[in-house]
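Just so we're aligned: the sequence shown equals residues 352 to 389 in my numbering. Inspection log for the structure reproduced underneath, given as structure tokens.
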Amino acid sequence: MIDLADILIGATAMAYEMPIATLNLKHFERIENLNLMR
Numbered sequence: 352m353i354d355l356a357d358i359l360i361g362a363t364a365m366a367y368e369m370p371i372a373t374l375n376l377k378h379f380e381r382i383e384n385l386n387l388m389r
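This is the structure we're talking about:
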């Protein structure tokens, strides 16, 4: 299950077409079409 905060962060990043820089990819890798940076 994805935390609400992670969903909101992911949705905001997608809306602004920005990547998410994180050391914890596990929180975001289930969100499709999300650009992740490590």
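We treat Cβ as the ideally placed atom computed from N, Cα and C, and that holds for glycine.
Item: Taking ASN375 as the reference, give the member of LEU387, MET352, MET369 with the closest Cα.; Value: LEU387
Item: Rounded to whole angstroms, what is the Cα-Cα separation between ARG389 and ALA362?; Value: 18 Å
Item: Report the rounded CA-to-CA distance for MET352 versus ILE360, giving the unit in angstroms.; Value: 15 Å
Item: In the DSSP output, which residue or residues are listed as bridge partners for LEU387?; Value: ILE371
Item: Taking the Cβ atom as the reference point for each residue, do ILE371 and LEU355 lie within a distance shorter than 8 Å?; Value: no
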